[in-house]
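Quick notes on the structure that follows.
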Amino acid sequence: MSYPTIGDGHKTGGRVVLPGTTRFGCPEGYDPAIWQARVDLAACYHLCNAFDFNEGICNHLTVMVPGTTDRFLCIPYGLMWDEVTASNLLLLDESGTILEGEGPVQGAAVALHGPIHAARREAARVIFHTHQPWFTALACIKAGGLRMFHPDACIYADRVGFDPMYTGNWPMGTIVGSLSEGERLLRVPELKNKDMCFLANHGTLQISSSIEEALFDCFNVERLCKEQVHAMMYASPFRELTREQITSLRAKYERTRRAMVTRSLSSTSRHTSSTPASQHDHGSRCILRCFR
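Heads up: take any position in the sequence shown, counting from 1, add 119, and you land on my numbering.
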């Protein structure tokens, strides 16, 4: 199956191409904040790859470029997730124009991520679109979505949305159709202001304000979905927490979540300062250590 792409992998035009080898960390003259975003996003690709959340060369994780509201970083189409480095990520604008990097970008990355980054801005600095197994399983059944069956799930009360319509990964089979699909998702009432989205018969759309929150929620919700599927295997009626229990537990567990994310930020800073610069280009191990 051939997926629509944007850009030509053999032509760079006016794009900036970063050095292929960055043994000494951030290239001279390059913005350190953007470089750190590259390092962190590359680490996300490697970490999600280690847990089999990827689907070959498909799916995409993006982060908004620091200091902007209309540019984001994304994997070049054709790379496996364990091949991603800080220097080979593409820098795009919201229309899909490639400003830095070599290779094309998959049209779906622009379709799903561009409009949401632009519309939700600070609340959507990081977007993960995956077909991770347990999350996706609950997007493919009528009684799907995350149920409030366990205290760990309560922090996602009122944050989970389910898009009930599957229009195809490539509506009308064109880039234009795909881009209109991304805009459609912003208009779906069930997804309004939601950040853990089940896309019917398709996969996930996970929206976060930071890399650390994105990783925490990605792994936590996948584990909850797995537990839910296991519970649904039994004929016994499904037990759900009461609204009063959910409200009480949500406040307590959100404090725990916030403390874990803050600890991860602190640990990331410590590991970054002691990690050889050569490891940064391959998505430094710091985030991997924080979430093991």
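Idealized CB from N, CA, C, for every residue including glycine.
The alpha carbon of H179 has as its nearest neighbour, out of L257, T188, M199, G186, the alpha carbon of M199. Of the candidates S206, E302, I274, E302 places its Cα closest to the Cα of A227. Between E341 and F254, the C-beta spacing is below 7 Å.
Within the same chain, W200, D201 come within 7 Å of N168 by CB-CB distance, once the 5 residues on both sides are set aside.
Under the rule that a run must span 3 or more residues, the beta strand (DSSP E) segments found entirely inside the stretch 278-347 read 279-282, 315-318, 322-327. Bounds of the alpha helix (DSSP H) holding I153 are 151-169. For H248, the secondary structure class from DSSP, reduced to helix, strand or coil, is strand.
When the alpha-carbon of K313 is set against those of R376, S328, H349, the nearest one is in S328. Between the stretch 366-378 and the stretch 267-282 there are three or more inter-stretch CB-CB distances shorter than 8 Å, so the stretches are counted as touching. About 6 Å separates the beta carbon of L343 from that of L265, a gap short enough to meet the 8 Å contact definition. Here E332 has V245, V380 as same chain residues with Cβ atoms under 8 Å from its own Cβ, once five neighbours each way along the sequence are excluded. Spatial neighbours of R190 in its own chain (CB-CB distance under 8 Å, excluding positions within 5 residues in sequence) are listed in chain order as M183, V184, L210, L211, D212, E213, L218.
If you compare the alpha carbons of I153, G215, N207 with that of G186, the shortest gap goes to I153. Membership of I176 in any alpha helix (DSSP H) is not indicated, and neither H nor E is assigned to it by DSSP. Of all alpha-carbon atoms in P308, V229, F172, I326, the one lying nearest the alpha-carbon of R239 is that of I326.
Non-local beta-carbon contacts of P283 in its own chain, meaning distances under 6 Å to residues more than five positions away in sequence, involve A319 in chain order. In this structure, DSSP gives E213 a state outside helix and strand, which the three-state scheme calls coil. At a Cβ-Cβ threshold of 7 Å, G280 and C316 count as neighbours.
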